[in-house]
Amino acid sequence: MRAAAASIVIACHTEERFEHLLEAVESARQQRPAPDQVIVAVDHNADLCHRLRSELDGIEVVDHRGEPGASGARNAGAARAVNPYLVFLDDDVRAHPEWLRHLLVPFDDPRVIGTGGMTMPAWQGPRPRWFPDEFGWVVGASHTGLPTEFAPVRNVWSENMAVRRDAFEAVGGFRAGFGKVGSTSRPEDTDLCIRIGASAPESWWAYVPAAVVDHLVPRARSTFAFFLRRCYWEGAGKVELSAHLGQDRDLDDERSYLLRTLPRAIVRYLGGGEPRRALAIVAGIVLAAAGGAVSLVRVAKFRRRR
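Per this note's numbering, the sequence shown starts with residue 514, numbered consecutively.
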(Lines of atoms letter the chains of each structure in order from A and count residues from 1; the text may use other names and numbers.)
(Lines give C-alpha, C1' and ligand atoms only; values in the text may rest on other atoms or scores of the structure.)
Protein backbone atom coordinates (compact mmCIF):
# COMPACT_ATOMS: atom_id res chain seq x y z
CA MET A 1 0.00 0.00 0.00
CA ARG A 2 1.05 3.64 -0.45
CA ALA A 3 2.75 5.34 2.49
CA ALA A 4 1.06 8.59 1.44
CA ALA A 5 -2.11 7.33 3.14
CA ALA A 6 -0.51 7.97 6.54
CA SER A 7 -0.45 10.94 8.91
CA ILE A 8 2.57 10.85 11.24
CA VAL A 9 2.04 12.48 14.65
CA ILE A 10 5.05 13.43 16.80
CA ALA A 11 4.23 14.66 20.31
CA CYS A 12 6.67 16.87 22.23
CA HIS A 13 6.74 19.20 25.23
CA THR A 14 10.26 20.52 25.85
CA GLU A 15 12.96 22.45 24.00
CA GLU A 16 15.63 20.42 25.80
CA ARG A 17 15.37 17.75 23.09
CA PHE A 18 14.94 20.19 20.20
CA GLU A 19 17.75 18.80 18.04
CA HIS A 20 16.49 15.27 18.56
CA LEU A 21 12.97 16.43 17.68
CA LEU A 22 14.27 17.84 14.40
CA GLU A 23 15.95 14.50 13.69
CA ALA A 24 12.69 12.68 14.39
CA VAL A 25 10.79 14.97 12.02
CA GLU A 26 13.42 14.62 9.32
CA SER A 27 13.43 10.82 9.64
CA ALA A 28 9.66 10.89 9.15
CA ARG A 29 9.87 13.15 6.11
CA GLN A 30 12.60 11.04 4.50
CA GLN A 31 10.52 7.87 4.39
CA ARG A 32 10.12 6.34 0.94
CA PRO A 33 7.47 6.64 -0.24
CA ALA A 34 6.99 9.81 1.80
CA PRO A 35 4.04 10.26 4.18
CA ASP A 36 1.28 12.58 3.05
CA GLN A 37 1.24 14.49 6.35
CA VAL A 38 3.58 15.07 9.31
CA ILE A 39 2.13 16.71 12.42
CA VAL A 40 4.05 17.91 15.48
CA ALA A 41 1.81 18.24 18.54
CA VAL A 42 3.28 20.52 21.22
CA ASP A 43 2.07 20.01 24.78
CA HIS A 44 1.71 23.30 26.68
CA ASN A 45 4.80 25.07 25.39
CA ALA A 46 4.10 28.23 23.38
CA ASP A 47 7.80 29.05 22.90
CA LEU A 48 8.50 25.63 21.41
CA CYS A 49 5.44 25.97 19.20
CA HIS A 50 6.65 29.31 17.85
CA ARG A 51 10.17 28.00 17.29
CA LEU A 52 8.94 24.97 15.36
CA ARG A 53 6.67 27.07 13.15
CA SER A 54 9.56 29.38 12.32
CA GLU A 55 12.03 26.58 11.54
CA LEU A 56 9.94 23.85 9.91
CA ASP A 57 8.37 24.18 6.48
CA GLY A 58 5.67 21.82 5.32
CA ILE A 59 4.99 20.53 8.83
CA GLU A 60 1.74 21.16 10.68
CA VAL A 61 2.40 22.30 14.27
CA VAL A 62 -0.45 21.88 16.76
CA ASP A 63 -0.53 23.91 19.98
CA HIS A 64 -2.13 21.57 22.53
CA ARG A 65 -3.73 23.50 25.40
CA GLY A 66 -6.01 20.78 26.78
CA GLU A 67 -5.27 18.33 29.59
CA PRO A 68 -1.47 18.11 29.91
CA GLY A 69 0.39 14.98 28.95
CA ALA A 70 1.52 12.92 25.99
CA SER A 71 -1.92 11.35 25.54
CA GLY A 72 -3.67 14.68 25.13
CA ALA A 73 -0.98 15.98 22.79
CA ARG A 74 -1.20 12.90 20.57
CA ASN A 75 -4.98 13.20 20.46
CA ALA A 76 -4.68 16.86 19.45
CA GLY A 77 -2.32 15.92 16.65
CA ALA A 78 -4.51 13.03 15.52
CA ALA A 79 -7.51 15.37 15.34
CA ARG A 80 -5.75 17.23 12.51
CA ALA A 81 -5.01 14.07 10.53
CA VAL A 82 -6.56 13.71 7.07
CA ASN A 83 -5.45 10.18 6.21
CA PRO A 84 -6.92 6.76 7.06
CA TYR A 85 -3.81 5.63 8.95
CA LEU A 86 -2.42 7.35 12.05
CA VAL A 87 1.25 6.79 12.83
CA PHE A 88 2.89 7.84 16.09
CA LEU A 89 6.55 8.62 16.79
CA ASP A 90 8.21 10.05 19.88
CA ASP A 91 10.27 13.24 19.73
CA ASP A 92 13.49 11.41 20.64
CA VAL A 93 13.12 8.64 18.08
CA ARG A 94 14.77 8.28 14.68
CA ALA A 95 13.01 6.06 12.14
CA HIS A 96 14.98 3.82 9.78
CA PRO A 97 14.51 4.58 6.05
CA GLU A 98 11.88 1.91 5.28
CA TRP A 99 10.22 1.95 8.68
CA LEU A 100 6.91 3.39 7.48
CA ARG A 101 6.56 1.00 4.57
CA HIS A 102 7.06 -2.01 6.83
CA LEU A 103 4.63 -0.59 9.39
CA LEU A 104 1.85 -0.09 6.84
CA VAL A 105 2.10 -3.22 4.68
CA PRO A 106 0.14 -5.42 7.17
CA PHE A 107 -2.93 -3.19 6.72
CA ASP A 108 -3.50 -4.91 3.39
CA ASP A 109 -5.17 -7.50 5.64
CA PRO A 110 -8.46 -5.88 6.72
CA ARG A 111 -8.31 -7.77 10.03
CA VAL A 112 -5.17 -5.88 11.12
CA ILE A 113 -6.31 -2.90 13.17
CA GLY A 114 -2.89 -1.60 14.16
CA THR A 115 0.82 -2.31 14.00
CA GLY A 116 3.97 -1.62 15.98
CA GLY A 117 7.63 -2.08 15.20
CA MET A 118 10.94 -2.80 16.88
CA THR A 119 12.51 -0.04 18.96
CA MET A 120 16.27 -0.19 19.43
CA PRO A 121 17.93 1.67 22.32
CA ALA A 122 20.37 4.39 21.23
CA TRP A 123 22.51 4.75 24.35
CA GLN A 124 24.23 8.14 24.69
CA GLY A 125 26.86 6.53 26.86
CA PRO A 126 27.93 2.94 27.45
CA ARG A 127 25.10 0.53 28.11
CA PRO A 128 25.20 -0.44 31.81
CA ARG A 129 26.55 -3.95 32.24
CA TRP A 130 23.90 -4.70 34.85
CA PHE A 131 21.02 -3.81 32.51
CA PRO A 132 18.93 -6.93 31.65
CA ASP A 133 17.69 -7.40 28.09
CA GLU A 134 14.25 -8.28 29.44
CA PHE A 135 13.82 -4.72 30.76
CA GLY A 136 14.25 -2.85 27.49
CA TRP A 137 10.84 -1.25 28.12
CA VAL A 138 12.41 0.71 30.99
CA VAL A 139 14.19 2.89 28.41
CA GLY A 140 11.43 2.76 25.80
CA ALA A 141 12.94 -0.07 23.75
CA SER A 142 11.87 -3.54 22.67
CA HIS A 143 12.76 -6.25 25.16
CA THR A 144 13.66 -9.92 25.15
CA GLY A 145 10.47 -11.93 25.20
CA LEU A 146 8.80 -10.12 22.31
CA PRO A 147 8.27 -12.01 19.03
CA THR A 148 11.26 -12.10 16.71
CA GLU A 149 9.07 -12.35 13.61
CA PHE A 150 5.80 -10.82 12.41
CA ALA A 151 3.13 -11.90 14.90
CA PRO A 152 -0.22 -10.94 16.46
CA VAL A 153 0.15 -9.22 19.83
CA ARG A 154 -2.11 -7.67 22.46
CA ASN A 155 -0.48 -4.26 22.29
CA VAL A 156 2.29 -2.22 20.73
CA TRP A 157 3.97 1.00 21.92
CA SER A 158 3.27 4.60 21.03
CA GLU A 159 6.82 5.58 20.05
CA ASN A 160 6.49 3.25 17.03
CA MET A 161 2.82 2.63 16.24
CA ALA A 162 0.29 2.78 13.40
CA VAL A 163 -3.48 2.38 13.70
CA ARG A 164 -6.56 2.75 11.54
CA ARG A 165 -7.88 6.25 12.17
CA ASP A 166 -11.54 5.19 12.33
CA ALA A 167 -10.73 2.61 15.03
CA PHE A 168 -8.70 5.18 16.98
CA GLU A 169 -11.50 7.73 16.85
CA ALA A 170 -14.17 5.14 17.74
CA VAL A 171 -12.67 4.69 21.24
CA GLY A 172 -11.85 8.37 21.77
CA GLY A 173 -8.10 8.01 21.19
CA PHE A 174 -5.61 7.87 24.04
CA ARG A 175 -7.06 8.21 27.53
CA ALA A 176 -6.40 11.87 28.40
CA GLY A 177 -4.56 12.36 31.69
CA PHE A 178 -3.41 8.74 31.72
CA GLY A 179 0.11 8.17 30.51
CA LYS A 180 3.23 10.30 30.54
CA VAL A 181 2.54 13.45 32.54
CA GLY A 182 5.61 15.16 33.96
CA SER A 183 7.77 12.53 35.66
CA THR A 184 4.89 10.05 35.94
CA SER A 185 4.60 7.27 33.38
CA ARG A 186 1.58 5.05 32.85
CA PRO A 187 0.88 2.58 30.01
CA GLU A 188 -1.42 4.72 27.86
CA ASP A 189 -0.47 2.78 24.73
CA THR A 190 -1.39 -0.57 26.27
CA ASP A 191 -4.68 0.94 27.41
CA LEU A 192 -5.43 2.20 23.88
CA CYS A 193 -4.58 -1.12 22.23
CA ILE A 194 -6.74 -3.12 24.63
CA ARG A 195 -9.72 -0.79 24.21
CA ILE A 196 -9.45 -0.85 20.42
CA GLY A 197 -9.07 -4.63 20.45
CA ALA A 198 -12.17 -4.99 22.63
CA SER A 199 -14.16 -2.75 20.28
CA ALA A 200 -13.29 -4.93 17.28
CA PRO A 201 -12.72 -8.49 18.57
CA GLU A 202 -12.40 -9.91 15.06
CA SER A 203 -9.36 -7.69 14.45
CA TRP A 204 -5.83 -7.84 15.83
CA TRP A 205 -2.65 -5.87 16.44
CA ALA A 206 0.52 -6.94 14.62
CA TYR A 207 4.12 -6.70 15.79
CA VAL A 208 6.41 -5.95 12.83
CA PRO A 209 10.10 -6.31 13.79
CA ALA A 210 11.17 -5.04 10.35
CA ALA A 211 9.75 -1.58 11.17
CA VAL A 212 12.72 -0.27 13.15
CA VAL A 213 13.32 2.97 15.02
CA ASP A 214 16.16 4.06 17.30
CA HIS A 215 15.10 5.54 20.65
CA LEU A 216 17.48 7.88 22.43
CA VAL A 217 18.58 6.77 25.91
CA PRO A 218 20.24 9.75 27.62
CA ARG A 219 22.81 9.18 30.33
CA ALA A 220 20.28 10.20 32.99
CA ARG A 221 18.22 7.14 32.07
CA SER A 222 21.19 4.80 32.28
CA THR A 223 21.33 4.91 36.07
CA PHE A 224 20.12 2.26 38.48
CA ALA A 225 18.02 4.90 40.25
CA PHE A 226 16.10 5.62 37.03
CA PHE A 227 15.69 1.87 36.44
CA LEU A 228 14.10 1.41 39.87
CA ARG A 229 11.91 4.49 39.54
CA ARG A 230 10.63 3.38 36.14
CA CYS A 231 9.86 -0.13 37.47
CA TYR A 232 7.92 1.40 40.35
CA TRP A 233 5.74 3.47 38.03
CA GLU A 234 5.20 0.51 35.73
CA GLY A 235 3.77 -1.51 38.60
CA ALA A 236 1.60 1.40 39.69
CA GLY A 237 0.46 2.06 36.15
CA LYS A 238 -0.58 -1.51 35.45
CA VAL A 239 -2.80 -1.54 38.55
CA GLU A 240 -4.42 1.71 37.41
CA LEU A 241 -4.79 0.27 33.92
CA SER A 242 -6.65 -2.74 35.30
CA ALA A 243 -8.89 -0.43 37.32
CA HIS A 244 -9.73 1.63 34.23
CA LEU A 245 -10.49 -1.39 32.09
CA GLY A 246 -12.47 -3.17 34.77
CA GLN A 247 -11.17 -6.57 33.75
CA ASP A 248 -8.22 -8.61 34.96
CA ARG A 249 -7.89 -11.02 32.05
CA ASP A 250 -6.19 -8.41 29.85
CA LEU A 251 -3.05 -8.61 31.99
CA ASP A 252 -2.21 -12.15 30.87
CA ASP A 253 0.87 -10.86 29.02
CA GLU A 254 2.21 -9.36 32.25
CA ARG A 255 1.64 -12.62 34.14
CA SER A 256 3.50 -14.62 31.50
CA TYR A 257 6.35 -12.11 31.57
CA LEU A 258 6.54 -12.20 35.37
CA LEU A 259 6.11 -15.95 35.86
CA ARG A 260 7.97 -17.31 32.83
CA THR A 261 10.22 -14.82 31.05
CA LEU A 262 11.86 -13.27 34.12
CA PRO A 263 12.54 -16.47 36.12
CA ARG A 264 14.20 -18.02 33.06
CA ALA A 265 16.28 -14.89 32.60
CA ILE A 266 17.43 -14.95 36.24
CA VAL A 267 18.56 -18.56 35.89
CA ARG A 268 20.30 -17.80 32.58
CA TYR A 269 22.17 -14.77 33.94
CA LEU A 270 23.26 -16.57 37.09
CA GLY A 271 24.41 -19.55 35.06
CA GLY A 272 26.23 -17.30 32.62
CA GLY A 273 28.23 -15.44 35.24
CA GLU A 274 26.16 -12.25 35.12
CA PRO A 275 24.79 -11.95 38.67
CA ARG A 276 24.29 -8.17 38.44
CA ARG A 277 21.73 -8.59 35.68
CA ALA A 278 19.93 -11.23 37.72
CA LEU A 279 19.90 -8.94 40.76
CA ALA A 280 18.61 -6.06 38.64
CA ILE A 281 15.65 -8.22 37.60
CA VAL A 282 14.87 -9.06 41.22
CA ALA A 283 15.11 -5.39 42.18
CA GLY A 284 12.85 -4.43 39.28
CA ILE A 285 10.23 -6.96 40.35
CA VAL A 286 10.32 -5.71 43.95
CA LEU A 287 9.91 -2.05 42.91
CA ALA A 288 7.11 -2.88 40.48
CA ALA A 289 5.35 -4.80 43.24
CA ALA A 290 5.77 -1.84 45.59
CA GLY A 291 4.32 0.53 43.02
CA GLY A 292 1.43 -1.84 42.41
CA ALA A 293 0.70 -2.13 46.13
CA VAL A 294 0.63 1.63 46.62
CA SER A 295 -1.60 2.01 43.58
CA LEU A 296 -3.98 -0.69 44.86
CA VAL A 297 -4.44 1.25 48.10
CA ARG A 298 -5.02 4.47 46.16
CA VAL A 299 -7.59 2.83 43.87
CA ALA A 300 -9.40 1.24 46.83
CA LYS A 301 -9.63 4.61 48.63
CA PHE A 302 -10.96 6.28 45.48
CA ARG A 303 -13.65 3.64 45.06
CA ARG A 304 -14.76 3.98 48.68
CA ARG A 305 -15.21 7.73 48.21
CA ARG A 306 -17.44 7.27 45.17
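Glycine is no exception: its CB is placed at the ideal position from the N, C-alpha and C atoms.
- Within the stretch 660 to 716, the runs of beta strand (DSSP E) that reach at least 3 residues and sit entirely inside it are, in chain order, 664 to 666 and 673 to 677.
- Annotated three-state conformation of leucine 602 is strand, per DSSP.
- Boundaries for proline 645: no beta strand (DSSP E) harbours it, and the DSSP string shows neither H nor E there.
- Here DSSP, grouped into helix, strand and coil, assigns valine 595 to coil.
- In the structure shown, threonine 628 adopts extended strand secondary structure according to DSSP, grouped into three states.
- Distances from the CA of serine 716 to each of Cys525, Thr628, Ala724 and Pro546 were compared; the closest alpha carbon is that of Thr628.
- With contacts defined as CB atoms closer than 8 Å, glycine 690 and valine 752 fail to qualify as a contacting pair.
- A straight-line Cα-Cα distance of about 25 Å links alanine 608 and histidine 563.
- For histidine 615, the enclosing alpha helix (DSSP H) begins and ends at 612 to 617.
- The criterion of a C-beta distance shorter than 8 Å is satisfied by aspartate 727 and methionine 633.
- Arginine 607 has Asp727 as its beta-bridge partners, per DSSP.
- Residues of the same chain with a CB within less than 6 Å of the CB of leucine 741, apart from the 5 flanking positions on each side, are Leu800 in chain order.
- Boundaries of the beta strand (DSSP E) around isoleucine 523: 519 to 525.
- For valine 780, the enclosing alpha helix (DSSP H) has its first and last residue at 775 to 784.
- Here aspartate 765 carries a helix assignment [DSSP, helix/strand/coil].
- Sixteen is the threshold: when 16 or more other Cβ atoms of the shown chains lie within 10 Å of the Cβ of alanine 594, as they do, the residue is buried.
- DSSP assignment within the stretch 544 to 589 yields the following whole alpha helix (DSSP H) runs of 4 residues or more, N-terminal first: 559 to 568.
- The continuous alpha helix (DSSP H) containing leucine 535 extends over residues 531 to 542.
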